[in-house]
Amino acid sequence: MVRAGKIILTVALVATMLGPTVVDFNESHVFNPAWPPHARFHAVMLLAVGIGMSIVGLWLVWRRSPSYEVATAVPVVVWGAFFVPLLVPGTSVEEYPGEVGRLAGIPMNLLLAGVFILLALIGYWMSVRKPRAVT
Numbered sequence: 001m002v003r004a005g006k007i008i009l010t011v012a013l014v015a016t017m018l019g020p021t022v023v024d025f026n027e028s029h030v031f032n033p034a035w036p037p038h039a040r041f042h043a044v045m046l047l048a049v050g051i052g053m054s055i056v057g058l059w060l061v062w063r064r065s066p067s068y069e070v071a072t073a074v075p076v077v078v079w080g081a082f083f084v085p086l087l088v089p090g091t092s093v094e095e096y097p098g099e100v101g102r103l104a105g106i107p108m109n110l111l112l113a114g115v116f117i118l119l120a121l122i123g124y125w126m127s128v129r130k131p132r133a134v135t
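In UniProt numbering, the protein residues as written are 1 to 135.
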């Protein structure tokens, strides 16, 4: 059960590292000519933070004495940050209406953020859970 938990947590961490980078390292975000250079600076900086935190998280999962709590916090914090802007008036999950696909009315980027948070929590639970004794 521990190994399966580590693998699930690893999937969440790799998705945290690669997902936003693959989606945002293009002309809609990092290379968007309409964005001022400082906005692009922050976009690249946030991608680098997610990559760096994920690398640390992977190390924490797979080292000799794993720290599942801290490793789990990485995808929970990074993906959880996707929901914070919804509290700020005037923000949107998409630049243009209909730009982001939806499933059951939920924008895919928010749906995937929730899925990866859930995967991280399941991976954590499976990694630290003590097997029940058979009587």
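The beta carbon of each residue, even a glycine, is placed where N, CA and C say it ideally should be.
For Pro97, name the three-state secondary structure that DSSP assigns.
-> Position 97 of the sequence shown, counted from the start, is the residue given in the question as residue 97. Pro97 falls in the coil class under three-state DSSP.
Extent of the continuous alpha helix (DSSP H) to which Thr72 belongs | Residue numbering aside, residue 72 sits at position 72 when the sequence shown is read from its first letter. It spans 68-80 - the alpha helix (DSSP H) in which Thr72 sits, taken as one unbroken run.
Under a Cβ-count criterion, where at least 16 other Cβ atoms within 10 Å of its own Cβ denotes burial, should Ala34 be classed as buried or exposed?
-> As a first step, residue 34 must be located in the sequence shown, where it is residue number 34. It is exposed - the Cβ of Ala34 has fewer than 16 other Cβ atoms within 10 Å.
Beta-carbon proximity of Asn109 to Val115, cut-off 8 Å = Residue mapping note: residue 109 aligns to position 109 of the sequence shown, counting from 1. Residue mapping note: residue 115 aligns to position 115 of the sequence shown, counting from 1. Not a contact, by the Cβ cut-off of 8 Å.
Hey, Leu9 and Ala71: beta-carbon distance below 8 Å or not?
-> On the sequence shown, residue 9 is found 9 positions in, with the first residue counted as 1. On the sequence shown, residue 71 is found 71 positions in, with the first residue counted as 1. Yes, these two residues count as a Cβ contact at 8 Å.
Backbone CA spacing between Leu121 and Val78 [nearest angstrom] = Numbered from 1 along the sequence shown, position 121 holds the residue referred to as residue 121. Numbered from 1 along the sequence shown, position 78 holds the residue referred to as residue 78. Their Cα atoms are separated by approximately 13 Å.
Just reading off the alpha helix (DSSP H) that Lys6 is part of, what are its end residues?
-> Mapped onto the sequence shown, residue 6 falls at position 6. It spans 2-24 - the alpha helix (DSSP H) in which Lys6 sits, taken as one unbroken run.
CB Gly57 to CB Leu112, shorter than 8 Å?
-> If you number the sequence shown from 1, residue 57 lands on position 57. If you number the sequence shown from 1, residue 112 lands on position 112. No, Cβ-Cβ distance for Gly57 and Leu112 is not below 8 Å.
Same chain, Cβ closer than 8 Å to Gly50, neighbours up to 5 away in sequence not counted | Here the question's residue 50 lines up with position 50 in the sequence shown. Counting only Cβ-Cβ distances below 8 Å, and skipping sequence neighbours, we find Thr16, Met17, Pro20, Thr21, Val78.
Helix or strand or just coil, what does DSSP make of Pro89?
-> To locate residue 89, count along the sequence shown from 1; it is residue 89. In the structure shown, Pro89 adopts coil according to DSSP, grouped into three states.
CA-CA distance, Pro36 and Ile7?
-> By 1-based counting over the sequence shown, the position of residue 36 is 36. By 1-based counting over the sequence shown, the position of residue 7 is 7. Straight-line Cα distance between these residues: approximately 40 Å.
So Ile117 and Pro75 are in contact, right, with Cβ under 8 Å, and what is the actual spacing, rounded?
-> Along the sequence shown, read from residue 1 onward, the residue named residue 117 stands at position 117. Along the sequence shown, read from residue 1 onward, the residue named residue 75 stands at position 75. Indeed they touch by this definition, with Cβ atoms about 7 Å apart.
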